[in-house]
Ligand code: 2AM
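As C-alpha cells, this is what we get:
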C-alpha cells in the first residue's frame, strides 16, 4: 500500500488553496489537484507492506507535533514532472525540524530513504503545459498546524484517492 505522512489543510485554507490552483490552471494549464487532495507531504514512504501498518499507525498516534504555522507566499515549479506548487519564499526551520524528526522516527521503525534535502511544497498542478508562474499574483497565507496524518493513496482511473489512517495527537501552543 502506498503511504505518506502529510499535513492536511483546514477546510477554509483548502478553499483558498483551491482558488490559487484555479488561477494557476488558467495560466499554466495541466491537471489541477482536487481540493480534497491538497496537502503538504512531509515524508513519502512509497509502497509499504500492510503487515507494517499497525506499528506505523501506532507510532504516528504517539507523535507529539509542536503547533506552528507555515507561511506560503511563493509560486514554484518542478520542471521535469511539470508540477506547479506553492510554498514559502524563506526556509522554514520548524518544517525542516519536523521533517527530520519524522524520518528519525521512521528510521527507528526500519524505513529508509529520507531525502537529504526537503523542499516543502503544496502541489497544485501536474503536467502543466506552461511553467508561467512569475505572472501569477502575489499572495500570503499562514497555515497553522499541530497534527501529522498518515495517508493511504490509491490511484484509480479518476486520479488518486487519499484516506487518512492515523493522526498524531494534537498538542496546542
Ligand atoms: P508531489 O506533490 O511533489 O508530487 C502522494 O503521492 C504525495 O507523495 C505527493 O504529495 C507527492 O509529492 C509525494 N510523492 C510521490 N512520489 C514521491 C517520490 N518518489 N518521492 C517523494 N515524494 C513523492
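Residue numbers (the numbering used here): 123 to 295. Where a beta carbon is used, it is the ideal one built from N, C-alpha and C, also for glycine. Only a predicted model underlies this, so the values are computations on that prediction, with no experimental measurement involved.
Checklist entry - Quick one, which of 165, 138, 198 and 180 has its alpha-carbon nearest residue 233's? => result The option with the nearest alpha carbon to residue 233 is 165.
Checklist entry - Closest by CA to residue 269, which one among 279, 286 and 255? => result Nearest of 279, 286 and 255 to residue 269, Cα basis: 286.
Checklist entry - Can you list, in chain order, the residues of its chain whose CB lies under 6 Å from that of residue 253, leaving out five sequence neighbours each side? => result If we look at residue 253 and ignore the five residues flanking it on each side, its Cβ neighbours are 199.
Checklist entry - Looking only at its own chain, which residues have a Cβ that is under 8 Å from the Cβ of residue 155, when we skip the five neighbours before and after it? => result For residue 155, same chain residues with a beta-carbon under 8 Å away, outside a window of 5 residues either side, are 143, 245, 246, 247 and 248 in chain order.
Checklist entry - How close, in whole Å, do the beta carbons of residue 152 and residue 187 come, if the pair is a contact with beta carbons under 8 Å? => result About 32 Å separates the Cβ atoms of residue 152 and residue 187, ruling out a contact at the 8 Å cut-off.
Next on the checklist: As an exercise, report each continuous beta strand (DSSP E) stretch of at least 3 residues that is fully enclosed by the region 195–246, in chain order.
Outcome noted: Entirely contained in the region 195–246, the beta strand (DSSP E) runs reaching 3 residues are, in chain order, 196–200 and 205–209.
Checklist entry - residue 255: beta carbon under 7 Å from a heavy atom of the ligand 2AM? => result No.
Checklist entry - In whole angstroms, what separates the C-alpha of residue 138 from that of residue 283? => result For residue 138 and residue 283, the distance between alpha carbons rounds to 21 Å.
Checklist entry - Is residue 279 helix, strand or coil by DSSP? => result Of the three classes helix, strand and coil, the one that applies to residue 279 here is coil, per DSSP.
Checklist entry - Just to check, is the beta-carbon of residue 205 closer than 7 Å to a non-hydrogen atom of the ligand 2AM? => result Residue 205 has its Cβ nearer than 7 Å to a heavy atom of the ligand 2AM.
Checklist entry - What is the rounded straight-line gap between the Cα of residue 243 and the Cα of residue 181? => result Here the C-alpha atom of residue 243 lies approximately 25 Å from the C-alpha atom of residue 181.
Item to check | Nearest candidate by alpha-carbon position, reference residue 280, set 189, 159, 215 and 291 | outcome: The residue with the shortest Cα to Cα distance from residue 280 is 159.
Item to check | Pick from 211, 168 and 202 that is closest to residue 196, judged by C-alpha positions | outcome: When only C-alpha atoms are compared, the closest one is 211.
Checklist entry - Cβ-heavy atom distance between residue 274 and the ligand 2AM below 7 Å? => result The closest heavy atom of the ligand 2AM lies 7 Å or more from the beta carbon of residue 274.
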